[in-house]
Amino acid sequence: MTESFEKAAEIILTSKLTLALTGAGISVESGIPDFRSAEGLWSKFDPAEYATIEAFRANPQKVWEMLREMGEVVNRAEPNPAHRGMGELELMGYLHCIITQNIDNLHQAGGSKDVIEYHGNAGTLSCLWCGRRYPAADKRNESLPRCECEKILKPDVIFFGEAIPEDAMNRSFQLASSAGALLVVGTSAAVSPVNTIPAIAKQNGAGIIEINKEKTQLTHTVTDIFLQGNAGNIVPQLVKAVKQKKELDA
Ligand code: APR
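Next up, the structure:
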């Protein structure tokens with residue numbers, strides 16, 4: 025076991041409250057592109073034109089071009105070894121809550137029970153005009169899903185310019201301020217306020233373990249242990265290191 029994995033395992037085993045903050049990078053090996061890598065979604069769809077609440081209100085038909093393309097990929101996606109590894113850590117009692125920026129439901133599909141969805145979830149659609157809500161599955165064969173009131177529906181994901189769900193925001197910051205360890209997996213930490221969570225955890229004494237295929241703005245400022253590589257490889261290795269260290273310390 026390399027020294028970095030040994031140290032990361034030590035941080036996790038000695039932490040009474042361990043959180044994870046995940047981003048699109050953890051789902052790339054499930055076939056869902058991330059946003060800011062070279063082939064990311066924003067290289068194809070300008071977020072200013074497709075991912076703001078103003079853009080949706082002004083031209084929902086156009087925004088649904090992107091949403092349909094994302095939806096087809098998300099609907100086909102299965103949890104990968106990174107999602108399942110985090111589900112296993114929770115089952116072992118070494119991961120207590122995942123704060124995810126993703127809307128793909130893959131943490132839950134990978135076995136995680138306590139998941140805070142910071143940017144909502146694509147599983148339901150809502151009407152901005154009359155407030156009715158529908159399961160996305162019920163509208164899957166409509167290329168432009170409409171409400172009974174005839175308006176075009178919006179997925180319950182947070183667009184730029186929309187507020188983060190209050191309970192998600194409050195619980196995340198409350199947990200971050202008392203965490204003993206924070207796993208940061210597959211996020212560029214480019215978007216606020218979620219990108220302040222690692223600094224809050226760090227300020228309160230948490231050990232920060234970052235898993236990413238490349239360095240980020242956290243790596244040289246907040247991160248204590250940087251495990252570079254694809255999450256689908258690194259997370260299972262980390263789970264193995266925790267198990268080995270637990271046996272050694274037993
Ligand atoms: N394993 C580990 N890390 C990976 C992998 C992988 N297989 N593939 C990509 N990454 C890394 C990238 O290097 C990058 O640092 O994951 C990160 C993904 O960053 P972004 O594309 O910016 O995604 P994310 O951080 O989740 O974006 C945050 O921005 O556009 C909004 O609402 C959107 O929730 C999203 C938010």
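To convert a position in the sequence shown, counted from 1, into my numbering, add 24.
Ideal Cβ placement from N, Cα and C applies to all residues, glycine included.
Leaving out the 5 sequence neighbours to the left and right, which residues in its chain are closer than 7 Å to C121 when beta-carbon positions are compared?
-> L43, D138, I140, L199
Using the C-alpha atoms, what's the distance from S196 back to S54?
-> 25 Å
Start and end of the beta strand (DSSP E) containing G231?
-> 231-236
Buried or exposed by the 16-neighbour rule on C-beta atoms within 10 Å, applied to Q241 = exposed
W88 classed as buried or exposed, judged by whether at least 16 other C-beta atoms fall within 10 angstroms = buried
Pairwise C-alpha distance: N83 and V263 = 45 Å
Residues near F250 in its chain [Cβ-Cβ closer than 6 Å; skip 5 each side] | E234, T243
How about G64 and P71: do their beta carbons lie closer than 7 Å?
-> no
Please go through the same chain and pick out, in chain order, the residues whose beta-carbon is closer than 7 Å to the beta-carbon of P179, but skip the five residues on each side of it.
-> L91, A146, L149, A160
CB contact check: T247 to chain C, cutoff 7 Å = The chain labelled as chain C is not found in the depicted structure, where only one protein chain is given.
Going along the chain, which residues of its own chain have a beta-carbon closer than 7 Å to the beta-carbon of L130, five neighbours each way excluded?
-> S51, S54, A101, P103, H107
Look up Q125 in the DSSP assignment and say whether it is helix, strand or coil.
-> coil
Is it the case that the Cβ atoms of A255 and A230 are separated by a distance below 7 Å?
-> In this structure, A230 does not lie closer than 7 Å to A255 by Cβ.
Can G144 and I127 be called in contact, C-beta distance under 7 Å?
-> yes
C-alpha gap between K40 and V266, whole angstroms | 14 Å
Short check: CB of C171 to CB of R156, under 7 Å?
-> yes
Residue(s) in a DSSP beta bridge with A205 = T42, G231
Among F184, K239, G135, R164, nearest to V97 - alpha-carbon criterion = R164
If you draw a straight line from the C-alpha of K226 to the C-alpha of G185, how long is it?
-> Approximately 28 Å between the Cα atoms of the pair.
For L37 and V208, believed in contact at Cβ under 8 Å, the rounded distance = Wrong, their Cβ atoms sit about 18 Å apart, outside the cutoff.
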